[in-house]
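Okay, so here's the structure we're looking at.
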Amino acid sequence: MSEAIQSDLSVVALAGGVGGARLVDGLHRALPQGALTVVVNTGDDFQHWGLHISPDLDTVMYTLAGLSPEDRGWGIEGDTFHVLAEAERRGVDDWFQLGDRDLLTHLTRTGALARGDSLTRVTAELCRTLGVDRPILPMTDAPRPTRMVTQGGDDLVFQEWLVKLRAPAVREVRHEGTHEATSEVLKALDAADLVVICPSNPYVSINPILTLDGIADRIRSTTSVAVSPIVGGKAVKGPLATMLPEISGREPSAEAVAMHYEGLLDGYAVHPGDSFEGSVPLLETNILIQSKEDRVLFASELLEFARSL
Ligand code: GDP
Ligand code: CA
Numbered sequence: 006m007s008e009a010i011q012s013d014l015s016v017v018a019l020a021g022g023v024g025g026a027r028l029v030d031g032l033h034r035a036l037p038q039g040a041l042t043v044v045v046n047t048g049d050d051f052q053h054w055g056l057h058i059s060p061d062l063d064t065v066m067y068t069l070a071g072l073s074p075e076d077r078g079w080g081i082e083g084d085t086f087h088v089l090a091e092a093e094r095r096g097v098d099d100w101f102q103l104g105d106r107d108l109l110t111h112l113t114r115t116g117a118l119a120r121g122d123s124l125t126r127v128t129a130e131l132c133r134t135l136g137v138d139r140p141i142l143p144m145t146d147a148p149r150p151t152r153m154v155t156q157g158g159d160d161l162v163f164q165e166w167l168v169k170l171r172a173p174a175v176r177e178v179r180h181e182g183t184h185e186a187t188s189e190v191l192k193a194l195d196a197a198d199l200v201v202i203c204p205s206n207p208y209v210s211i212n213p214i215l216t217l218d219g220i221a222d223r224i225r226s227t228t229s230v231a232v233s234p235i236v237g238g239k240a241v242k243g244p245l246a247t248m249l250p251e252i253s254g255r256e257p258s259a260e261a262v263a264m265h266y267e268g269l270l271d272g273y274a275v276h277p278g279d280s281f282e283g284s285v286p287l288l289e290t291n292i293l294i295q296s297k298e299d300r301v302l303f304a305s306e307l308l309e310f311a312r313s314l
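Here the sequence shown is numbered in this note's numbering, starting from 6 and rising by one per residue.
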């Protein structure tokens, strides 16, 4: 690895929404132009008001464009919600919040897809108009919806489970639809010196990517590091801490997430106090990366750690 990770280093980051976007933002600042490609989960994509919504792509795009709010993981800072208020007034489905400025993204995407453009191409175009100059690739161009089977036996679309019903206890997570990653994603992984698995939810953000054909094999043959989304036994955000015991039977911990990625990793980053006796080298440092300063500091440390593997 030490030879490869120099100035010509090529890094592929696998990301979901919030945890993914935070690390991607740090990597984006810590790496030279052209060195980073982001592969984003599309298992959360769904249709709402006739629009194609890609929550994780949007979170990553808005974060890199500097448009994300500080206090919530979706949408655009300072956005207004006139359309949503009108939906509420007219009794139209209003459980999913869409801001007025944010709506342009969904309208543009839906229109371009209807004209036959691929999601990869639409995403590149959206990035261009938002001034984001790093490649952001959807994991696939075809639908691959994540479905949540609850312990009560309901079989739900991901956003409905998370947003509408507020994450009831899960029995199983299923990935439906295509098994094919895009050729752009496979090419980026073939050219990568390092794969970074962001501190995203392993079940609903990273697994949809990992279980596509050819992805896990490519990760095994490349130096790969992951960052724990669990700090001190708790998820920094979202339902992961309850999902871990529900799905794996293990208590929520950085170690439980590492066990989930068994066989894929060459290194793993945990928060101070979360280290454990495992089979891969650990980087024990501050992995709480809410602020921009912490993001770039941690991303630089992570790259340094990867160089040493
Ligand atoms: P989502 O699609 O918005 O749920 O986003 P992700 O799957 O990418 O991120 C959710 C995960 O990110 C949660 O399990 C959080 O614990 C984790 N996360 C969020 N912020 C941070 C952070 O600052 N540091 C770390 N290590 N994990 C984080
Ligand atoms: Ca997501």
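Every residue gets a Cβ at the ideal spot worked out from N, C-alpha and C, and that includes glycine.
Applying the 10 Å Cβ sphere with the 16-neighbour rule, what's the burial state of residue i?
i: Thr216; result: exposed
i: Arg139; result: buried
i: Glu298; result: exposed
i: Gly21; result: buried
i: Phe163; result: buried
i: Ser73; result: buried
i: Gly254; result: exposed
i: Ile10; result: The pLDDT assigned to Ile10 is 47, lower than 50, so where the model puts this residue is not dependable, and the model offers no usable value.
i: Thr187; result: buried
i: Ser7; result: Here the model assigns Ser7 a pLDDT of 47, short of 50, so the residue's position is not dependable, and the following value carries that caveat. Burial call: exposed.
i: Gly337; result: What is shown of the chain runs 6 to 314, which leaves residue 337 out entirely.
Does the beta carbon of residue i fall short of 8 Å from some heavy atom of ligand 1?
i: Lys242; result: yes
i: Gly21; result: yes
i: Pro250; result: no
i: Asn206; result: yes
i: Pro148; result: no
i: Arg27; result: yes
i: Cys132; result: no
i: Pro143; result: no
i: Asp156; result: A small correction: the amino acid at residue 156 is Gln; Asp does not occupy that position in the sequence shown. False, no ligand heavy atom lies under 8 Å from that Cβ.
i: His265; result: no
Say the cut is 8 Å; is the CB of residue i nearer than that to a heavy atom of ligand 2?
i: Asp73; result: Going by the sequence as given, residue 73 is Ser instead of Asp. No - ligand 2 has no heavy atom lying nearer than 8 Å to the Cβ of Ser73.
i: Ser305; result: no
i: Asn46; result: yes
i: Val209; result: yes
i: Asp198; result: no
i: Thr64; result: yes
i: Pro334; result: The requested residue 334 does not occur in the structure, where the chain is confined to residues 6 to 314.
Quick one: give me the first and last residue of the alpha helix (DSSP H) that residue i is part of.
i: Val127; result: 124 to 135
i: Phe303; result: 297 to 312
i: Ile214; result: 212 to 215
i: Leu191; result: 188 to 195
Identify whether residue i lies in helix, strand or coil by the three-state DSSP scheme.
i: Glu260; result: helix
i: Gly116; result: helix
i: Asp146; result: coil
i: Ala246; result: helix
i: Ala326; result: The displayed coordinates of the chain run from 6 to 314. Any statement about residue 326 would go beyond what the structure contains.
i: Arg348; result: Residue numbering for the chain in the displayed model covers 6 to 314; residue 348 lies beyond these limits and cannot be assessed.
i: Arg225; result: helix
i: Thr64; result: helix
i: Ser7; result: Residue placement at Ser7 is poorly supported in this model, since its pLDDT is 47, which falls under 50; the coordinates still yield a value, given next. Ser7 falls in the coil class under three-state DSSP.
i: Ala90; result: helix
i: Phe163; result: helix
i: His180; result: strand
i: Ala18; result: strand
i: Glu282; result: coil
i: Thr110; result: helix
i: Ile81; result: coil
i: Arg171; result: coil
i: Ala26; result: helix
i: Glu251; result: helix
i: Leu72; result: coil
i: Ile292; result: coil
i: Val209; result: helix
How far does the beta strand (DSSP E) with residue i in it reach, from first residue to last?
i: Leu56; result: 56 to 58
i: Ser229; result: 228 to 232
i: Phe101; result: Element bounds for Phe101: n/a, residue is neither H nor E.
Under a CB-based cut-off of 9 Å, is residue i close to chain B?
i: His33; result: The chain labelled as chain B is not found in the depicted structure, where only one protein chain is given.
Does the pairing of the stretch 15 to 35 with the stretch 57 to 75 give three or more beta-carbon distances under 8 Å? With a cut-off of 8 Å on Cβ pairs, the stretch 15 to 35 is in contact with the stretch 57 to 75, counting three or more such pairs.
Check whether the stretch 149 to 161 and the stretch 47 to 59 touch, using three or more Cβ-Cβ pairs below 8 Å as the test. Contact holds: three or more Cβ-Cβ distances are below 8 Å.
Is it true that the stretch 94 to 101 meets the stretch 174 to 194, where meeting means three or more beta-carbon pairs spaced less than 8 Å apart? no
Counting Cβ pairs closer than 8 Å, one from the stretch 224 to 239 and one from the stretch 199 to 208, do we hit at least three? With a cut-off of 8 Å, the stretch 199 to 208 and the stretch 224 to 239 count as touching, because enough Cβ pairs lie within range.
Between the stretch 184 to 198 and the stretch 220 to 235, are three or more C-beta pairs nearer than 8 Å? yes
Three or more C-beta pairs closer than 8 Å, one from the stretch 78 to 87 and one from the stretch 98 to 114: is that the case here? Judged by Cβ distances under 8 Å, the stretch 78 to 87 makes contact with the stretch 98 to 114, as three or more pairs qualify.
Quick check: the stretch 259 to 269 against the stretch 300 to 311, are there 3 or more CB pairs under 8 Å? By the criterion of at least three beta-carbon pairs nearer than 8 Å, the stretch 259 to 269 is not in contact with the stretch 300 to 311.
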